[in-house]
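**Student:** Numbering of the sequence shown is given in the numbering used here, commencing with residue 120 and proceeding in unit increments.
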Amino acid sequence: MPLLTRMVGTPLAIDIGPGAVKGLAPLLADRRISSGGDVAVVVGPGQGEALAAELESSLENADVHRVDSGSVEEATELSRELRNDFHDAVVGIGGGRTLDVAKYAAGLAGLPMVAVATSLAHDGIASPVASLELSGRKGSYGVQMPVAVVVDLDLVKSSEPGMRRSGIGDVVSNLSAIDDWRLAERERGEEVDGVAVTFARVAAMAVLHRTDGIEDEEFLIALAEALVLSGLAMATAGSSRPCSGGDHEILHAIDHLFPGTAWHGELAGAASLFVSHLRGDARLAEEIDKCLRRHTLPRLPRELGLSEDQFAEAVHYAPRTRPDRFTLLEHLNLGEREVRERVRAYVEAFDR
Ligand SMILES: [Zn+2]
């Protein structure tokens, strides 16, 4: 009987809970990542400074690096600094941007990276993808997956409500991303990875119907686990495919055309609802709509701070953001006028 299975890479440790940062030094030692605490700690603005000070007593040999811009240039500069000294690992503490800079820099410096998440804004916590700016343009870069992931719920609870909510939209968008992947399988013969789909869908379903919310610890644990699982889905697939379809093409287009519109996950949730409606999947659209409304996430262009025309412009531009990705948007290949009509129909259907 065949016993062949494949290996799926995961972090050595995942620790989600209140006060998890306090357990960081023992975790590094127990997992043989760094027994003496000789690590580079990368912090961002905001909570970063206070956290670095707090860690000083337990990680005496750590040296602290501050980052701010979230650009490829900054991450490259950081990797140079990392190489000037001897470290066992890089510990990134912060929200998405800080973690992404730390991930990218650690990869260039050839060091393992530990992610300590202080917010739940998107699924980059445990993913092998870093989203960074290069010459004013956001891009996704393949990196090593973190060797350990720590989510400190005390810090998450004190993060901005908008950031906590945002992660819900990102994880729910897995559902339309999976549909887009299946479409590419039917239309283009693209290979779909069933294990990655399983992870991505289970992550979304763990959050979709929950009636508690971002003020409840149990919900935050479920959301953190769902975001970590989305990261594992991407690592398994070897690309962001299971968590990023036409929905993410639209959000990248909005980020490019109208920078600073909304959080990543807020855009992902609304774009996922739009794509599901565009696909004519009334059941999924209804479920996503209910979920977004329950958590007061934006759904309509004006709730994102965009006019209908601006949203339509982004939908039309979207396929250019991921030239190699086939989704419903490439499949329909709508002209500008058709896109505007579809956006109008979408707003009419969900403006209630
Ligand atoms: Zn995302």
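Glycine included, each C-beta is placed from N, C-alpha and C at the ideal position.
Here the structure is a predicted model, which is why all the values come from computation and not from measurement.
Sort out for me which residues DSSP pairs R185 with in a bridge.
**Tutor:** V162
**Student:** Where does the unbroken alpha helix (DSSP H) through S395 begin, and where does it stop?
**Tutor:** H383 to L397 is the extent of the alpha helix (DSSP H) around S395.
**Student:** According to DSSP, what are the bridge partners of M282?
**Tutor:** Beta-bridge pairing links M282 to no other residue.
**Student:** Rounded to whole angstroms, how far is the Cβ of V275 from the Cβ of L146, which I believe are closer than 8 Å?
**Tutor:** The pair is not a contact, with the Cβ atoms about 17 Å apart (cut-off 8 Å).
**Student:** Any idea if H371 is buried or exposed, counting beta-carbon neighbours within 10 angstroms, 16 or more meaning buried?
**Tutor:** buried
**Student:** On the DSSP bridge assignment, give the partners of E252 in chain order.
**Tutor:** S190 and K257
**Student:** List, from N- to C-terminal side, the alpha helix (DSSP H) runs of 4 residues or more that fit wholly inside the stretch 280 to 362.
**Tutor:** Whole alpha helix (DSSP H) segments, 4+ residues: 280 to 291, 293 to 307, 313 to 327 and 336 to 356.
**Student:** Rounded to the nearest angstrom, what separates T124 and P247 at their Cα positions?
**Tutor:** 22 Å
**Student:** Can you find at least 3 beta carbon pairs, one from the stretch 389 to 396 and one from the stretch 337 to 355, that sit closer than 8 Å?
**Tutor:** Contact check between the stretch 389 to 396 and the stretch 337 to 355: fewer than three CB pairs, one atom from each, fall below 8 Å, which does not count as touching.
**Student:** Report yes if the CB atom of S177 is closer than 7 Å to the CB atom of A144, and no otherwise.
**Tutor:** yes
**Student:** Output yes or no for whether 7 Å exceeds the beta carbon distance between G214 and S250.
**Tutor:** no
**Student:** Skipping 5 residues on each side, what residues in its chain have a beta carbon closer than 7 Å to that of G189?
**Tutor:** Only R216, D219, V220, L251 and E252 meet the Cβ criterion.
**Student:** Ends of the beta strand (DSSP E) at G211?
**Tutor:** For G211, the uninterrupted beta strand (DSSP E) run begins and ends at A208 to G213, by DSSP.
**Student:** Would you mind stating whether E368 and T440 have Cβ atoms separated by less than 7 Å?
**Tutor:** yes
**Student:** Verify the contact flag: D289, CB atom, against every heavy atom of ligand 1, threshold strictly below 6 Å.
**Tutor:** Correct: D289 has its Cβ closer than 6 Å to ligand 1.
**Student:** Under the rule that 16 or more other beta-carbon atoms within 10 Å means buried, what is M126, buried or exposed?
**Tutor:** If you draw a 10 Å sphere on the C-beta of M126, you find fewer than 16 other C-beta atoms in it, and that means exposed.
**Student:** Which term fits G128, buried or exposed, when burial requires 16 or more other beta carbons within 10 angstroms of its beta carbon?
**Tutor:** exposed
**Student:** Does the Cβ of A387 lie closer than 6 Å to at least one heavy atom of ligand 1?
**Tutor:** yes
**Student:** Compute the distance between the beta-carbons of K222 and D374, then report whether it is under 7 Å.
**Tutor:** no
**Student:** Let me make sure I understand the geometry here. Which of L416, L447 and E334 has the alpha-carbon closest to that of E304?
**Tutor:** Nearest of L416, L447 and E334 to E304, Cα basis: L447.
**Student:** Taking the Cβ atom as the reference point for each residue, do P361 and A389 lie within a distance shorter than 7 Å?
**Tutor:** A389 sits away from P361, with the two beta carbons spaced by 7 Å or more.
**Student:** How big is the Cα-Cα spacing for A325 and C410?
**Tutor:** 12 Å
**Student:** Determine the DSSP secondary structure at I369, reduced to helix, strand or coil.
**Tutor:** Here DSSP, grouped into helix, strand and coil, assigns I369 to helix.
**Student:** From F205 to A228, what does the alpha carbon distance come to, in whole angstroms?
**Tutor:** Using only the alpha carbons, I get a separation of about 11 Å.
**Student:** Go to A234, then tell me how far its beta strand (DSSP E) extends in each direction, as first and last residue.
**Tutor:** M232 to A236
**Student:** Taking S278 as the reference, give the member of V291, G167 and D443 with the closest Cα.
**Tutor:** From the listed residues V291, G167 and D443, the smallest Cα separation to S278 is found for G167.
**Student:** So what's I152 in DSSP terms, helix, strand or just coil?
**Tutor:** The answer is coil: DSSP assigns I152 none of H, G, I, E or B.
**Student:** Taking 6 Å as the cut-off, is the CB of H375 close to at least one heavy atom of ligand 1?
**Tutor:** Outside the cutoff, so no.
**Student:** Measuring straight from C-alpha to C-alpha, what distance separates A381 and G155?
**Tutor:** Rounded to the nearest whole angstrom, the CA to CA distance from A381 to G155 is 41 Å.
**Student:** Are A139 and V158 closer than 7 Å when you measure CB to CB?
**Tutor:** no
**Student:** With A464 as the anchor, note down where its beta strand (DSSP E) starts and where it stops.
**Tutor:** Taken as a continuous stretch (DSSP letters only), A464 belongs to no beta strand (DSSP E), being part of the alpha helix (DSSP H) at E455 to F469.
**Student:** From the DSSP output, read off the bridge partner residues of I68.
**Tutor:** Nothing about residue 68 can be read from this structure; the chain reaches only from 120 to 471.
**Student:** Would you report the Cα separation of D400 and S259, rounded to the nearest angstrom?
**Tutor:** 29 Å
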